[in-house]
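Shown next, in structure tokens, is the structure this report addresses.
Numbering (the working numbering), first residue to last: 1138 to 1235.
This is how it looks when you write it as structure tokens:
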């Protein structure tokens, strides 16, 4: 189920960066306490991000579209703070991040 959720989350794109939340390294954890319930821990690239509500709502709505999922909880966390080293290898290559 976690892989299905990650694939769904790849459809949620940060509009400022044009990169999905998974490849950006914003998803810190996915839990499925039951087959119908999903809890997602995520962060943002900066505290006070003006897109916080938009991105968390997009994450929630996208995961709710997965068959069988009835409840989605999204928790924003700030520890550890996000940094560019958390992006996927593909994004690192695209932007020349070492």
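Every residue, glycine too, gets a C-beta built ideally from N, C-alpha and C.
Starting from residue i, trace the beta strand (DSSP E) both ways and give me its first and last residue.
i, result
"residue 1208", "1208 to 1213"
"residue 1167", "1164 to 1171"
My assumption, with CB atoms under 8 angstroms, is that residue i sits in contact with residue j. Please give the rounded CB distance.
i, j, result
"residue 1227", "residue 1160", "6 angstroms"
"residue 1215", "residue 1184", "6 angstroms"
Run through DSSP, which three-state label would residue i get?
i, result
"residue 1202", "coil"
"residue 1174", "strand"
"residue 1196", "helix"
Can you grab the Cα-Cα spacing for the pair residue i / residue j, in whole Å?
i, j, result
"residue 1138", "residue 1207", "14 angstroms"
"residue 1178", "residue 1210", "9 angstroms"
"residue 1153", "residue 1187", "10 angstroms"
"residue 1173", "residue 1205", "6 angstroms"
"residue 1223", "residue 1201", "26 angstroms"
"residue 1168", "residue 1191", "22 angstroms"
"residue 1230", "residue 1170", "35 angstroms"
If I follow the unbroken alpha helix (DSSP H) through residue i, where does it start and stop?
i, result
"residue 1142", "1139 to 1146"
"residue 1226", "1226 to 1232"
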